[in-house]
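The structure appears right after this line, and notes come after that.
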Amino acid sequence: MDPVLAEIYSTVLDAAPFVIGAYALIWVVLLVYVLIIITGLKKTEKQMALLEELVASKK
Amino acid sequence: MTQDTHSRALANRLAPVALVLGIVLTTVAFLLSFLVAPLVLGANVAQTAIIGGEAISNKLLLSQKIFYIHVPVATVSFGALAFLAYYSIRYLATKNQARKPFFDTRARIAAEVGLVFIIMTMLSGDLWTRFEWGVWWVWEPRLTTYLILMLLMIAYFILRTAIDAPERKATFAAVFGLIACVDAGISYLITRFVPTSIHPVIFRTDSGLSPSMLVPFLLALFGMALICFALYRLRLRQVELNQRLESLKLQLEEN
């Protein structure tokens, strides 16, 4: 590679793991939080449906 | 159906749409920031080379690409904390005892979503700091006040867990939440107050961002704001449903 171009691009490859890491960590944190919310929501909805059934059967 | 219930149902219906739209916008922003936005220039090099028809005599910085996600996430974290402040003030100001849990729940969820965005800001900022400044941490005014903000938000939830009496817990949390929001304001403005701060000043009229850089930045900002709104609404729906479930269980036990 041309030595001038090599110097111009010298920090690009070194920075790549940090850039990829930053984007990946942000999406992982968001994904984990979304999964926690959706799992909790589904669990609560299931319990609510069971409770409604119980109330209906008592009537 | 009351106006309040109607707007709540509408917001709940909009949440999944906001989440999908937010993901689409941030994905488009990600693609534009890497495929269209140019690499910014760093330190000078000894000679000039022609790249894409332009004479370049500086090192090209890939690390600046973190800016397109880090700044929107940080800005949205301040937005979430503004909601925490709003609902905390409403909680403390209202005389209507029946409305108090309404404001407390919203303040708590705004704090929770805010903390998630603060953690994302810290992680992405720290990776940029490590590469650009060569260290994992610098006791720089913006970083220090933001670290204090993160610790205050963690303490907010510890405080909530430590107190049993619901009304006392909510009152203490509202006051503590407001203190954390004061630090958020200081953290946001500190790069302007302290000229020696090495953290760049964001949101200024002379930023000189070209449209190819500004568009992905704004798309990521709106996308993250939509994701934040969607997460807030989804979490609120879960918490409210849980509260209804608990009260139904109590009613059944009493009968």
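Protein chains in written order, with our numbering: chain A, 103 to 161; chain B, 85 to 339.
Where is the CB? At the ideal position from N, CA and C, for every residue including glycine.
Beta-carbon proximity list for residue i, same chain, < 6 angstroms, skipping 5 on both sides
{"i": "B:V120", "result": "S296"}
{"i": "A:Y111", "result": "none"}
{"i": "B:R190", "result": "Y171"}
{"i": "B:F313", "result": "A102"}
{"i": "A:L137", "result": "none"}
Environment of residue i [buried if 16+ CB atoms lie within 10 Å]
{"i": "B:P300", "result": "buried"}
{"i": "B:S91", "result": "exposed"}
{"i": "A:M103", "result": "exposed"}
{"i": "A:T141", "result": "exposed"}
{"i": "B:A248", "result": "In the sequence as presented, Ala is not what sits at residue 248 of chain B; that position holds Asp. It is exposed - the Cβ of B:D248 has fewer than 16 other Cβ atoms within 10 Å."}
{"i": "B:S294", "result": "exposed"}
{"i": "B:P156", "result": "buried"}
{"i": "B:R319", "result": "buried"}
{"i": "A:E154", "result": "exposed"}
{"i": "B:A130", "result": "exposed"}
{"i": "B:F162", "result": "buried"}
{"i": "B:R252", "result": "exposed"}
{"i": "B:G349", "result": "The structure shown has nothing for residue 349 of chain B, since chain B only spans 85 to 339."}
{"i": "B:W212", "result": "buried"}
{"i": "B:F77", "result": "This structure cannot speak to residue 77 of chain B, because chain B is shown only from 85 to 339."}
{"i": "B:I202", "result": "buried"}
{"i": "B:T245", "result": "exposed"}
{"i": "B:T111", "result": "exposed"}
{"i": "B:G261", "result": "buried"}
{"i": "B:Q181", "result": "exposed"}
{"i": "B:R354", "result": "For residue 354 of chain B there is no data in the structure shown, the boundaries of chain B being 85 and 339."}
{"i": "A:L132", "result": "buried"}
{"i": "B:R328", "result": "exposed"}
{"i": "B:L89", "result": "What sits at residue 89 of chain B in the sequence shown is Thr, not Leu. Looking at its Cβ environment, which holds fewer than 16 other Cβ atoms inside 10 Å, B:T89 is exposed."}
{"i": "B:S117", "result": "buried"}
{"i": "B:G218", "result": "exposed"}
{"i": "A:D116", "result": "exposed"}
{"i": "B:L94", "result": "exposed"}
N- and C-terminal bounds of the beta strand (DSSP E) containing residue i
{"i": "B:T132", "result": "124-135"}
{"i": "B:S117", "result": "Where B:S117 is concerned, there is no enclosing beta strand (DSSP E), although the alpha helix (DSSP H) it sits in stretches over 87-119."}
{"i": "B:L385", "result": "Residue 385 of chain B is absent from the structure shown; chain B starts at 85 and stops at 339."}
Residue i - containing alpha helix (DSSP H), residue span
{"i": "B:I224", "result": "Note that residue 224 of chain B is Glu in the sequence shown, not Ile. Per DSSP, B:E224 belongs to no alpha helix (DSSP H) and is neither H nor E."}
{"i": "B:V278", "result": "Per DSSP, B:V278 belongs to no alpha helix (DSSP H) and is neither H nor E."}
{"i": "B:S172", "result": "151-177"}
{"i": "B:D248", "result": "Segment: none, B:D248 is in no alpha helix (DSSP H) and carries neither H nor E."}
{"i": "A:S159", "result": "114-160"}
{"i": "A:Y111", "result": "Counting along the chain, A:Y111 falls outside any alpha helix (DSSP H), and DSSP gives it neither H nor E."}
{"i": "B:R328", "result": "295-338"}
{"i": "B:D188", "result": "184-216"}
Contact set for residue i: own chain, Cβ-Cβ below 8 angstroms, skip 5 residues either direction
{"i": "B:D210", "result": "W220, W221"}
{"i": "B:M206", "result": "Y230, L231, M234"}
{"i": "B:T255", "result": "Y175, L176"}
{"i": "B:L315", "result": "L103, V197, V200"}
Cβ-heavy atom distance, residue i to the ligand ADP, below 7 angstroms
{"i": "A:S112", "result": "The ligand ADP is not part of the structure shown, which contains no ligands of any sort."}
Contacts around residue i, its chain only, beta-carbon distance under 7 angstroms, and the 5 residues preceding and following it disregarded
{"i": "B:P279", "result": "none"}
{"i": "B:Y240", "result": "A195, A257, F260, G261, A264"}
{"i": "B:A113", "result": "Y152, P300, L303, A304, G307"}
{"i": "B:T228", "result": "none"}
>> Along the segment 248-275 of chain B, where does the CB come closer than 9 angstroms to a CB of chain A? Name the residues.
In response: none
> At a Cβ cut of 8 angstroms, what residues of the segment 118-133 of chain B count as close to chain A, listed as they run along the chain?
Replying inline: L123, G126, V129, A130, Q131, T132, A133
> Taking three-plus beta-carbon pairs below 8 angstroms as touching, is the segment 223-243 of chain B in contact with the segment 256-271 of chain B?
Replying inline: yes
> How do the segment 187-196 of chain B and the segment 156-167 of chain B stand: do at least 3 beta-carbon pairs fall below 8 angstroms, yes or no?
Replying inline: yes
>> Using a Cβ-Cβ cutoff of 8 angstroms, what residues of the segment 133-159 of chain A are near chain B? List them in chain order.
In response: Y135, V136, I139, I140, G142, L143, T146, E147, Q149, M150, L153, L156, V157
> For the segment 204-233 of chain B, which residues have a CB atom closer than 8 angstroms to at least one CB atom of chain A, in sequence order?
Replying inline: M204, L207, S208, L211, W212, R214, F215
> Do three or more CB pairs link the segment 135-145 of chain B to the segment 111-126 of chain B at distances below 8 angstroms?
Replying inline: yes
>> Under 8 angstroms, CB to CB, which of the residues in the segment 149-162 of chain B have a partner in chain A?
In response: K149, I150, I153, H154, V157
>> What are the residues in the segment 309-333 of chain B lying within 8 angstroms of chain A by C-beta distance?
In response: I311, L315, L318, R319, R321, Q322, L325, N326, R328, L329, L332, K333
>> By the 7 angstroms beta-carbon criterion, what residues does the segment 172-197 of chain B contribute toward chain A?
In response: none
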